[in-house]
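Participant: The opening position of the sequence shown corresponds to residue 0 in numbering that gives the first Met the number 0, with each subsequent residue numbered one higher.
For every residue, glycine included, the Cβ atom is placed at its ideal position computed from N, Cα and C.
Source: prediction; values computed, not measured.
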Amino acid sequence: MELNELYSDIVTEYAADKSHWHPLAGADVHMRGVNPSCGDELNLELDIEDGRIRQAGLTGGGCAISEASASIMADMVEGKTLEEAKTLAGLFLAMVRKEITDVGQLETLEDAQVFENISNMPARTKCAVLAWHTLDEALKKWEAEQL
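1) What is the DSSP secondary structure of Thr58, reduced to helix, strand or coil?
2) Got a sec, what are the start and stop residues for the beta strand (DSSP E) Met72 sits in?
3) What are the partner residues of Asp39, as DSSP defines its beta bridges?
4) Beta-carbon separation of His21 and Gly60 under 8 angstroms?
5) Which word fits Thr133, buried or exposed, when buried means at least 16 other C-beta atoms lie within 10 angstroms of its C-beta?
6) Return helix, strand or coil for His21, following the three-state DSSP convention.
7) Going by DSSP in three states, Glu98 sits in which element: helix, strand or coil?
8) Which of helix, strand or coil does DSSP assign to Asp110?
9) What residue does the alpha helix (DSSP H) around Asp8 start on, and which one ends it?
10) Residues in its own chain within less than 7 angstroms of Glu98 by CB, not counting five upstream and five downstream?
11) Examine chain C for any beta-carbon lying closer than 8 angstroms to the beta-carbon of Ile99, and answer yes or no.
12) Using 8 angstroms as the Cβ pair cut-off and three pairs as the minimum, do the segment 33-47 and the segment 86-106 touch?
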C-alpha cells in the first residue's frame, strides 16, 4: 500500500472534520491516549446517559491518519450502547491485526474500513488504532467506576 493511497478521500475528509474536536463540559469519563512513536496525543471525553454514549469529545492532535480515525470512531459511537461501542472497538482492532477479514463482519465498521490494510504500514498502524484503544480503555474505566 502506497502512502498516497492511504490518504484517500475518506481519510482526508475525516481528518478535516472537527465536529467532535472540542472538550465536553461535564463529561462522565476522560481518557488520554498517546502514541509515543510519533507524538500523536488524544484526549477522549464521553457523555454517557442511560448506558449510551450521548456525545464524544476529542482534544489533542496528531497526523491525518490519527485524527481521521478518531473522528470516524467518535461518529460511530455516538448513540451506541456501551456494549455496542466495545464491540466496534474490538472489531476495529481485530481488523487491523488481520484477525477478522470477513467482509460481512467488517461492514459494521462503515468508513473505518478504510484502515483495513493499515497493518501493511507498521509505522502508521499505531496512528490508526490510538483512538480505538483509548475508547476501549475509557469504557473499561467507566465500568470500573460504576461498581
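Facilitator: Based on what the coordinates show:
1) Here residue 58 corresponds to residue number 59 of the sequence shown, with the count starting at 1. Strand, per DSSP.
2) Here residue 72 is taken as the residue at index 73 of the sequence shown, counted from 1. Element bounds for Met72: not the beta strand (DSSP E) but the alpha helix (DSSP H), 63-76.
3) The sequence position of residue 39 within the sequence shown is 40, counting from 1. Its beta-bridge partners are Asn34.
4) The count along the sequence shown starts at 1 and reaches residue 21 at position 22. The count along the sequence shown starts at 1 and reaches residue 60 at position 61. Not in contact: His21 and Gly60 (Cβ atoms no closer than 8 angstroms).
5) Position 134 of the sequence shown, counted from the start, is the residue given in the question as residue 133. Thr133 is buried by the Cβ-count criterion.
6) Translated into the one-based positions of the sequence shown, residue 21 becomes position 22. In the structure shown, His21 adopts coil according to DSSP, grouped into three states.
7) As a first step, residue 98 must be located in the sequence shown, where it is residue number 99. Coil at Glu98, not helix or strand.
8) The residue you call residue 110 lines up with position 111 of the sequence shown. Of the three classes helix, strand and coil, the one that applies to Asp110 here is helix, per DSSP.
9) Reading the sequence shown from its first residue, position 9 is the one you call residue 8. Note, Asp8: alpha helix (DSSP H), 8-15.
10) Within the sequence shown, numbered from 1, the residue matching residue 98 stands at position 99. Excluding residues within five positions, none has a Cβ falling inside 7 angstroms.
11) No chain C is present in this structure, which holds just one protein chain.
12) The segment 33-47 makes no contact with the segment 86-106: fewer than 3 CB pairs, one atom from each, lie closer than 8 angstroms.
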